[in-house]
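Numbering (full-length UniProt numbering), first residue to last: 1 to 322. For every residue, glycine included, the Cβ atom is placed at its ideal position computed from N, Cα and C.
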């Protein structure tokens with residue numbers, strides 16, 4: 001039986017366990033809901049989501065964009081309430097990561113995302129940038145990044161204590177958030193941790209995670225377009241800017257995907273603690289859901305056969321709190 005909220009039909013148990021959500025923009029009226037426990041796929045038509053691209057999900061809020069109207073907003077799925085954002089013209093811009101300073105239902109919430117401008121004719125990236133705004137701002141503030149010194153390559157970023165932490169090439173670039181809102185770029189850098197996996201692979205995806213006032217760096221290793229084969233995790237000491245490799249995240253569990261992450265107390269969502277769940281960005285129809293258990297250092301995965309998404313639309317985790 002489907003779960004109903006405000007007359008809307010969601011999959012059964014949708015608000016009682018983690019799910020994976022896939023939006024399709026204007027190509028498809030339904031939204032795909034994937035149960036990672038049963039590997040079950042359901043299609044549901046939710047009016048507030050229909051026709052929208054999803055940039056990701058943080059703390060039960062979907063970050064949605066309407067390609068036709070340029071409307072941009074956060075949608076809280078429990079209540080289906082919206083928090084509007086300034087219109088977002090795209091013009092072949094690619095969003096790479098985004099983060100929030102607090103929940104969108106807080107009036108002081110700051111939204112920051114990183115991205116690039118992609119020229120279709122030349123198949124090249126011509127500029128990289130940061131976009132930011134406060135709630136109720138009339139427009140986004142756009143700041144261009146230096147191609148050599150500020151090239152961002154990480155899958156996720158973190159806002160903590162007035163700083164934006166984003167992963168560059170072998171380093172974390174730390175941006176002062178208030179300076180960004182004022183239209184200025186003020187940065188420092190932190191050298192990234194040395195890779196501990198040997199032999200090294202030719203492809204590594206890097207995820208920054210904010211959890212309980214700490215910043216973690218999670219690396220996923222693979223060869224080319226092949227499957228993920230290993231991972232390691234580090235915690236940053238912000239007082240010394242030093243990294244230490246860790247084997248535990250305690251009572252927490254991380255859910256990672258392209259652009260965004262969720263860190264939760266495992267007991268609050270009914271999943272095993274000290275684990276990392278991961279859905280990688282993938283252009284193939286076959287997609288894997290990985291589970292890394294840090295207690296016994298094991299990796300397991302399940303296979304999904306789902307449609308390829310729009311270029312900008314993410315497959316992301318929705319993790320409701322009980």
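Note on residue 47: under 16 other CB atoms within 10 angstroms of its CB, so exposed under the neighbour-count rule. With a contact defined as Cβ atoms closer than 8 Å, residue 221 and residue 204 qualify at about 6 Å. Note that the region 116-123 does not touch the region 171-185; fewer than 3 beta-carbon pairs, one per stretch, sit closer than 8 Å. For residue 279, there is no enclosing beta strand (DSSP E), as DSSP marks it with neither H nor E. Contact between residue 249 and residue 217 does not hold, since the beta-carbon distance rounds to 12 Å and is not under 8 Å. When secondary structure is reduced to three states using DSSP, residue 101 falls in the coil class, being assigned neither helix nor strand.
Where residue 158 is concerned, there is no enclosing alpha helix (DSSP H), although the beta strand (DSSP E) around it starts and stops at 158-160. Three or more Cβ pairs drawn from the region 10-21 and the region 270-280 lie within less than 8 Å of each other, which places the two stretches in contact. Counting the other CB atoms within 10 Å of its CB gives residue 196 a total below 16, which places it among the exposed residues. In the three-state scheme derived from DSSP, where H, G and I count as helix and E and B as strand, residue 250 is classed as coil. The three-state reading of DSSP puts residue 203 in strand, counting E and B together. Residue 154 is positioned such that its CB atom lies closer than 8 Å to that of residue 206.
The Cβ atoms of residue 302 and residue 258 lie no closer than 8 Å to each other. Counting C-beta atoms within 10 angstroms of its own C-beta, residue 31 has 16 or more neighbours from the protein chains shown and is therefore classed as buried. In this chain, the alpha helix (DSSP H) harbouring residue 179 covers 177-181. Secondary structure at residue 271: coil, using DSSP grouped into helix, strand and coil. Here the alpha carbon of residue 140 sits roughly 26 Å from the alpha carbon of residue 123. DSSP, read as helix, strand or coil, puts residue 210 in strand.
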